[in-house]
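Quick notes on the structure that follows.
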Amino acid sequence: MAREVFFSKAADGGTIEAVINFDESAFGVSEHDVSPWTIAISDGRRDLGRLVGFEGQGQTIIGMHQLKPDPAARRGLEITVFRVNDALRATGLDATLFGAFERWLLKRGWRGNVIKKMKFTDPQLVVPIREFWVKRLGFELILAEEGKWDEHVVKRWR
């Protein structure tokens with residue numbers, strides 16, 4: 310597994326870093342395998358957040374998670390977990406970190422669909438979570454269609 314720091318920022322007497330761990334022999338290139346990846350966010354003293362997901366051939370990733378079909382998706386990057394602490398969320402660093410992750414993907418030449426399945430059903434959480442993904446990060450909301458696909462957000466890079 311390769312390990313790369315893609316975000317670093319001085320804060321509160323320390324440095325907040327986001328580090329991705331991924332299989333560089335499969336990420337963005339494997340035609341058959343699905344490759345797991347993880348991002349650890351910390352300030353050197355404590356865990357501040359985590360992103361976890363899978364990357365692979367577009368139709369495989371879309372099919373794994375019962376999402377709306379997209380025949381044009383060359384690759385798929387699915388985000389299973391996006392967790393940050395309250396301090397990062399309050400300062401907007403959650404969106405800043407995600408932007409840094411997107412730049413990391415683009416620098417690698419990655420193209421495809423970035424996908425997050427929406428799992429929350431608590432009415433107090435649904436709207437803020439949708440707003441974060443759609444309004445702050447620029448994703449498109451795909452509402453669930455019973456028997457076809459689950460609610461999710463997608464950003465398409467061609």
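Positions in the sequence shown are counted from 1; adding 309 to them yields the working numbering. Here a beta-carbon is modelled for each residue, glycine too, at the ideal position from N, C-alpha and C. What you are looking at is a predicted structure, and each value in this text was computed from that prediction instead of being measured.
| Check | Outcome |
| --- | --- |
| Tell me whether Arg-384 sits in a helix, a strand or coil according to DSSP, three-state version. | strand |
| Name the residue from Ala-382, Glu-455 and Arg-465 whose alpha carbon lies nearest to the alpha carbon of Val-443. | Arg-465 |
| For Gln-433, does the three-state DSSP call read helix, strand or coil? | helix |
| Which runs of the beta strand (DSSP E) fall wholly inside the stretch 323 to 398 and span at least 3 residues, in chain order? | 323 to 331, 344 to 351, 356 to 366 and 384 to 393 |
| Using a Cβ-based criterion (distance less than 8 Å to any ligand heavy atom), does Val-328 qualify as near the ligand SAH? | Inclusion of the ligand SAH in the displayed structure is not the case, the ligand content being empty and no account of it being possible. |
| Suppose contacts are defined by Cβ-Cβ distances below 9 Å. Is Arg-354 in contact with Gly-367 by that definition? | no |
| For His-461, is the classification buried or exposed, using 16 other Cβ atoms within 10 angstroms of its Cβ as the cut-off for buried? | buried |
| Which residues in the same chain as Leu-415 place their Cβ atom closer than 8 Å to its Cβ, once the five residues preceding and following it in sequence are excluded? | Trp-466 |
| Once you ignore the five residues that flank Phe-391 on each side, which residues in its own chain have a CB closer than 6 Å to its CB? | Leu-360 |
| Taking the alpha carbon of Glu-271 as the point to measure from, which residue in Phe-407, Asp-352, Gly-385 and Pro-432 has its own alpha carbon closest? | Outside the shown range of the chain, which is 310 to 467, sits residue 271, and nothing can be said about it. |
| Answer with buried or exposed for Phe-470, where buried requires no fewer than 16 other C-beta atoms within 10 angstroms of its C-beta. | The structure shown has nothing for residue 470, since the chain only spans 310 to 467. |
| Between Glu-313 and Gly-362, what straight-line distance do the alpha-carbon atoms span, to the nearest angstrom? | 16 Å |
| Give me the Cα-Cα distance between Gly-372 and Gly-323, rounded to the nearest whole angstrom. | 42 Å |
| Buried or exposed for Leu-397, going by 16 or more other Cβ atoms inside 10 Å? | buried |
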